[in-house]
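The next block holds one structure in the form of structure tokens; read it before the comments.
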Amino acid sequence: MEDEEAAAVLRTVGRQIKMWREAAGLKQTELGSAIGYGEEMVSSVERARRIPKPDFLDKTDEVLGAGGKISAMKEDVEKARYPKTVRDLTKLEDQAVELGAYAALHIHGLLQTPEYAQALYAMRRPAYTEDEIERHVAARMARKAVFDRVPRALVTFVQEEMTLRRPFGGKMVLRRQLEHLFEVAELRHVEIQVMPMDREDHAAVMGSFRLLKLQDGKALGHTESQLYDRVISDPKDVQVLDMRYGMIRAQALSPRESLAFIEKVLGEET
1 MEDEEAAAVL RTVGRQIKMW REAAGLKQTE LGSAIGYGEE MVSSVERARR
51 IPKPDFLDKT DEVLGAGGKI SAMKEDVEKA RYPKTVRDLT KLEDQAVELG
101 AYAALHIHGL LQTPEYAQAL YAMRRPAYTE DEIERHVAAR MARKAVFDRV
151 PRALVTFVQE EMTLRRPFGG KMVLRRQLEH LFEVAELRHV EIQVMPMDRE
201 DHAAVMGSFR LLKLQDGKAL GHTESQLYDR VISDPKDVQV LDMRYGMIRA
251 QALSPRESLA FIEKVLGEET
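Quick note: the sequence shown, position 201, residue 201 per the UniProt record's numbering, numbers continuous.
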């Protein structure tokens, strides 16, 4: 596991399953057969090497007669499924009253379809395993809850034109991704803007970043690089990002013009 918090949860779950299995007098092979999984999967879960899905926990609970005690761990396991950086960022997003994001290289994570996200993670080098890709995609999709929570947060995006044209995952994946942008843009508390390639002025040439304004009045920034991402809390640095974001929103196409631009790109991809 990549962080101790998630590893501790999985070790606890693994120990509990092993205790209930042994109390029931079942071998790993027998439990696996009873719940529709292989012995290797049962062994990996008990040793905290694999993250069990909700179905695994529910069936195990039923077969071992745990009375809901194993199933009750699903929420903790689901949180452990997501990388620590995602869990930390999600906590901040849950506290935000306003979120702004500039995306220079690809469609922003909160706007991505599962297929588009999977294509991005599949290109990662060193390569992720299938389980790791599934874990990261699930974590990214879970963050979309920010669009649904009440009270609504104001969520704005500035996307580089290039991100609308590069066919990560293939043309069909890109087409569905562009269609999804229209669906998200229909939400009254979301605005999507496009920074066209022909703009001579651009205040954010240093790369992608995010701004989060929290319920308590604090403001934070967030940046990602090749190997690291970090939360920016120094008020002076956050002020710089806030200034840059305001400028690129003014330099980009308006939300209405941007949707017309995305529609044009979508037509070119037909």
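Ideal Cβ positions, reconstructed from N, Cα and C, are used throughout, including at glycine.
Query raised in the report: Name the DSSP beta bridge partners of Phe-147, please?
Result: Locating residue 147 in the sequence shown gives position 147, counting from the first residue. The partner list for Phe-147 (beta bridge, DSSP) is empty, contrary to what the question assumes.
Query - Presumed contact (8 Å Cβ cut-off) between Gly-14 and Val-63, rounded CB distance - result: For the purposes of this step, residue 14 is taken as the residue at position 14 of the sequence shown. For the purposes of this step, residue 63 is taken as the residue at position 63 of the sequence shown. About 16 Å separates the two Cβ atoms, so there is no contact after all.
Query - Simplified DSSP assignment, three categories, for Met-1 - result: Indexing the sequence shown from 1 puts residue 1 at position 1. For Met-1, the predicted structure reports a pLDDT of 42, less than 50, and the residue's modelled location is therefore unreliable. The matter cannot be settled from this model.
Query - Reduced DSSP category for Ala-127 - H, G, I as helix; E, B as strand; rest coil - result: Here residue 127 is taken as the residue at index 127 of the sequence shown, counted from 1. Here Ala-127 sits in coil by DSSP.
Query raised in the report: Which residue's Cα is closest to the Cα of Gln-28: His-180, Asp-3, Met-247 and Thr-60?
Result: Looking up residue 28 in the sequence shown gives position 28. Among His-180, Asp-3, Met-247 and Thr-60, the Cα nearest to that of Gln-28 is on Thr-60.
Query - Which listed residue (Asp-58, Asp-3, Ser-33 and Leu-92) has its alpha carbon closest to that of Arg-49 - result: Position 49 of the sequence shown, counting from 1, holds the residue named residue 49. The residue with the shortest Cα to Cα distance from Arg-49 is Asp-3.
Query raised in the report: Going straight from the alpha carbon of Leu-212 to that of Ser-71, what length do you get?
Result: Position 212 of the sequence shown, counted from the first residue, corresponds to residue 212. Position 71 of the sequence shown, counted from the first residue, corresponds to residue 71. If you take the alpha carbons of Leu-212 and Ser-71, they lie about 35 Å apart.
Requested in this report: Kindly confirm or deny that the stretch 149-157 and the stretch 92-101 touch, where touching means at least three C-beta pairs closer than 8 Å.
Outcome: yes
Query raised in the report: Rounded C-beta distance between Ala-80 and Trp-20? I'm assuming under 8 Å.
Result: Position 80 of the sequence shown holds residue 80. Position 20 of the sequence shown holds residue 20. So it is not a contact: roughly 19 Å between Cβ atoms.
Query - 6 Å CB neighbourhood of Ala-204 in its chain, flanking five on each side removed - result: Residue 204 sits at position 204 when you count from the first residue of the sequence shown. Here the set comprises Tyr-102, Arg-244 and Ile-248.
Query - Residue closest to Asp-148, alpha-carbon to alpha-carbon, out of Glu-93, Glu-161, Leu-164 and Val-137 - result: Within the sequence shown, residue 148 is the residue found at index 148, counting from 1. Of the candidates Glu-93, Glu-161, Leu-164 and Val-137, the one whose C-alpha sits nearest the C-alpha of Asp-148 is Glu-93.
Query raised in the report: Excluding sequence positions up to five away, which residues of its chain have a Cβ less than 7 Å from the Cβ of Leu-120?
Result: Looking up residue 120 in the sequence shown gives position 120. The answer, listed in chain order, is His-106 and Phe-168.
Query raised in the report: Could you give the distance in angstroms between the alpha-carbon of Glu-269 and the alpha-carbon of Met-172?
Result: Position 269 of the sequence shown, counted from the start, is the residue given in the question as residue 269. Position 172 of the sequence shown, counted from the start, is the residue given in the question as residue 172. One C-alpha to the other measures close to 9 Å.
Query raised in the report: In angstroms, rounded to a whole number, what distance separates the CA positions of Met-1 and Gly-267?
Result: Walking along the sequence shown from the start, residue 1 turns up at place 1. Walking along the sequence shown from the start, residue 267 turns up at place 267. For Met-1, the pLDDT reaches just 42, beneath the cut-off of 50, and the residue's location in the model is therefore unreliable, although a value from the coordinates is still provided. When rounded, the distance between both Cα atoms is 44 Å.
Query raised in the report: Got a sec: is the Cβ-Cβ distance from Phe-157 to anything in chain C below 8 Å?
Result: Absent from the structure: chain C. Only one protein chain is present.
Query raised in the report: Three-state secondary structure (DSSP) at Leu-154?
Result: Within the sequence shown, residue 154 is the residue found at index 154, counting from 1. Leu-154: strand per DSSP, three-state reduction.
Query raised in the report: Is it true that the stretch 216-229 meets the stretch 171-190, where meeting means three or more beta-carbon pairs spaced less than 8 Å apart?
Result: no
Report task. Flag this pair as yes or no: are the beta carbons of Arg-140 and Ala-117 separated by less than 8 Å? Result -> By 1-based counting over the sequence shown, the position of residue 140 is 140. By 1-based counting over the sequence shown, the position of residue 117 is 117. Cβ atoms of Arg-140 and Ala-117: closer than 8 Å.
Requested in this report: Going by CA-CA distance only, name the one from Glu-40, Ala-122 and Arg-256 that's closest to Gln-193.
Outcome: Stepping through the sequence shown from its first residue, residue 193 is reached at position 193. When only C-alpha atoms are compared, the closest one is Arg-256.
**Report entry** Tyr-245: first and last residue of the uninterrupted beta strand (DSSP E) it sits in
**Finding:** Taking the sequence shown and counting its residues from 1, the one referred to as residue 245 is at position 245. That residue, Tyr-245, is in no beta strand (DSSP E); its alpha helix (DSSP H) goes 235-251.
Requested in this report: Check the C-beta distance from Leu-110 over to Val-146 and give it rounded, since I have them as a contact under 8 Å.
Outcome: On the sequence shown, residue 110 is found 110 positions in, with the first residue counted as 1. On the sequence shown, residue 146 is found 146 positions in, with the first residue counted as 1. With 8 Å as the limit, Leu-110 and Val-146 qualify as a contact, their Cβ atoms being about 7 Å apart.
Query raised in the report: Once you ignore the five residues that flank Arg-166 on each side, which residues in its own chain have a CB closer than 8 Å to its CB?
Result: For the purposes of this step, residue 166 is taken as residue 166 along the sequence shown, with counting starting at 1. Cβ within range, chain order: His-106 and Leu-174.
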